[in-house]
Amino acid sequence: MKLNTNSIIRPISASVVALLLMAGLNNLALADNAAALKDSIKTAEVKVVDMKEPSTSAKAPSNDDFNKLDANKDGNISLKEAVKDKALATQFDAADINHDGMLSADEFTSYKTASAAKTTEAAPATTTN
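Quick note, the sequence shown lines up with residues 2 to 130 if you use the numbering used here.
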């Protein structure tokens, strides 16, 4: 019996070629994953930096009334600081929206806006004859 080398060599060479192609594709996939991983790490670092930005209530407000009441300049008004303004001191709990014992600049602005609206509503309308 004569051995046909083509029947042995073709399947083996096809298998070797297939293995080489799969190895190449695997390396390509790993390279893509590494690039994707680097991109996701950069994105995560950007998000961490964004989270470190101070909130708007922690920043010093530009409101002069707020600055006068904020004696320790921590960006919040405590009840001890609010006693300088009797109206604010009596309404402190209502103005403290998040009930943390401090008025942020946003809470103080909301309080001032609400009290201005109440003052406008309470003032009688003047009529001319």
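All C-beta atoms, glycine included, are put in the ideal place defined by N, C-alpha and C. Computed from a predicted model, the values in this text were never measured in an experiment.
Identity of the residue in the options nearest residue i by Cα
i, options, result
"Lys113", "Ala96, Ile78, Asn73", "Ala96"
"Thr110", "Val18, Asn68, Val17, Asp101", "Asn68"
Pairwise C-alpha distance: residue j and residue i
i, j, result
"Phe93", "Asp71", "14 angstroms"
"Pro55", "Lys87", "At Pro55, the pLDDT of 49 sits below 50, so the modelled position is not reliable and the matter cannot be decided from this model."
"Asn99", "Ser105", "10 angstroms"
"Ile13", "Ala19", "10 angstroms"
"Val84", "Ala118", "22 angstroms"
"Gly102", "Thr91", "14 angstroms"
"Asp66", "Gly76", "12 angstroms"
"Met23", "Val17", "10 angstroms"
"Leu89", "Asn64", "15 angstroms"
"Ile9", "Ala15", "10 angstroms"
Bridge partners - residue i, DSSP secondary structure assignment
i, result
"Ile98", "Its beta-bridge partners do not exist; DSSP assigns none."
"Ile78", "Leu104"
Own chain partners of residue i with C-beta closer than 8 angstroms, once the 5 adjacent residues on each side are dropped
i, result
"Glu82", "Leu70, Asp71, Ala72, Asn73"
Contact set for residue i: own chain, Cβ-Cβ below 6 angstroms, skip 5 residues either direction
i, result
"Leu80", "Phe93"
"Ser116", "none"
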